[in-house]
Each structure stands twice: as C-alpha cells, then as structure tokens.
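In the working numbering, the protein residues as written are 218 to 426.
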C-alpha cells in the first residue's frame, strides 16, 4: 500500500511539473525577459521612438524605446537597458535628468508584435516629411550587445556609428534609417566597455535588398 501511495505521489508531482513547464513556455518567459513594470503617466512619440513617463513600484522614471503603440493608463513591461544622465533630445528640445533606453517594451495583455513591423511601416512607406529624414549607409562592421546593434557605417565621405534595437545586419549591407534620431557625444556603453565620441541612436534600421 505504501508503495502504491508513493507511486501516485510521484505521478502527481510529474504532472504538476509538466503543467508548470507548459505555462512558462506558453508565456514565452516574458516576465524573465521584461523584468521591469510600470504604469504609463505620459506618452511622447517622435520619429522611431516612444518616450514614456512611468510610475513603478518604488519611483517614477522616464524610459525610451522603439516606437510602440502605448497610451496613458497602460501597464507596460520593459527590458533592462542603458541609463542616460542629463540626456538632451534634439527632436524634443528637452533635457531628461535621467532616462532609461530599453530594447523592448510590451503592453500588459497585448500579444508581442514582430520586431520588424515598425521598420517596415516607417521606412518602406514613409510620409513626405519622413522621406526628408531617411539616410542610406554602407555597413563596415556591427556589434550586438545589450539588446542593441551597434553599426559602423559610411555616410558620404565620413564614417559614423549608429545604434538601433537589435537587427539582423552584416558587413557589406546597405541600410536605411531615420536620420533624426538622438545624437550622443562621448557615449559610454557599459556592456561593451567602450566610449563612442559620437553615436546616433535610431529607432529602426532596414536592410535594402
């Protein structure tokens, strides 16, 4: 009898473990990948980027990420990223004492969207105003780190560095991007342990076929 009870207990444990594993798999480990959470107090959309003022558990903060459909009152999860101090946004003509640049933002309860959706809608079908800000470059080298792709590229007769949410791009590719992103000088990347004299952060990069 004791042996039968033991077998039944082991079976029950196995069923529970399997169910838990299926639950984790079904959610795509979203909690692990997006450990931060906050309620949206304010939304500012600019070319390629969404700025969000959030109220979290312990504090209020500003974050910025690839353009996302978010509204005030939404609860969002977001990944870790790079914190910038006294960050000046040229497009907004505004300085943020502290802002977190994150590679992923997800509205609670929403289904994840393909990573290239925003790039396709903005760069493949730009408005007249957006066309004036789209630039093309040839890729010299790339580095993937911390959810971003750092791209060394040629622009005219000079070499520039770009940073975009992680994108499949390689040496020799020709890319296009919105040229009105955030320009940062003396930007230090903690994940790369490297300082860039000047780097342009863009919300999207598209490889030209």
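The beta-carbon is built from N, C-alpha and C at its ideal position, and this holds for glycine as well. The structure presented is a predicted model; accordingly, all values stated were derived computationally and were not measured.
Near residue i, what residues of its chain come up, given a Cβ to Cβ distance below 8 Å and the 5 sequence neighbours on each side ignored?
i           : result
residue 320 : 282, 283, 296, 298, 363, 364, 365, 382, 383
residue 388 : 356, 357, 358, 359
residue 239 : Note that residue 239 has pLDDT 34, beneath the 50 cutoff, so the model's placement of it is unreliable and the number below is only indicative. Once the five neighbours on either side are set aside, residue 239 has no close Cβ partner at all.
residue 411 : 405
residue 271 : 255, 256, 257, 258, 277, 278, 279, 280, 293
residue 314 : 302, 303
residue 426 : none
residue 291 : 256, 257, 324, 325
residue 234 : Any reading at residue 234 needs caution, since the residue's pLDDT is 36, under 50, leaving its predicted position unreliable; the model's value is listed next. Counting only Cβ-Cβ distances below 8 Å, and skipping sequence neighbours, we find nothing.
So residue i is in the beta strand (DSSP E); what residue range does that whole segment cover?
i           : result
residue 283 : 277 to 283
residue 361 : 351 to 362
residue 417 : 411 to 418
residue 310 : Element bounds for residue 310: n/a, residue is neither H nor E.
residue 298 : 298 to 306
residue 386 : Premise fails: residue 386 is in no beta strand (DSSP E) and is neither H nor E.
residue 324 : 322 to 324
Whose C-beta lies closer than 7 Å to the C-beta of residue i among residues of the same chain, with five residues either side of it excluded?
i           : result
residue 445 : Residue coverage of the chain in this structure runs from 218 to 426, which leaves residue 445 outside it and unanswerable.
residue 311 : none
residue 251 : 294, 295, 296, 321, 323
residue 390 : 356, 424
Considering only DSSP beta bridges, list what residue i is partnered with.
i           : result
residue 423 : 393
residue 267 : 262, 282
residue 253 : 295
residue 406 : 411
residue 375 : 372
residue 272 : 256, 277
residue 400 : 417
residue 317 : 280, 300
Give every residue of the same chain whose Cβ lies closer than 6 Å to the Cβ of residue i, excluding the five residues on either side of it in the sequence, and list them in chain order.
i           : result
residue 307 : none
residue 420 : 265, 266, 283, 284
residue 268 : 261, 281
residue 409 : 362
residue 415 : 402
residue 318 : 281, 298, 299
residue 372 : 354
residue 241 : Reliability of the predicted coordinates at residue 241 is poor, the pLDDT of 32 falling under 50, and the value obtained from them is presented with this limitation in mind. Hits under 6 Å: none found.
residue 273 : 255
residue 374 : none
Taking residue i and residue j to be in contact with their CB atoms under 8 Å, please state how far apart those CB atoms are, rounded to whole angstroms.
i           : j           : result
residue 259 : residue 289 : 7 Å
residue 316 : residue 280 : 7 Å
residue 257 : residue 287 : 6 Å
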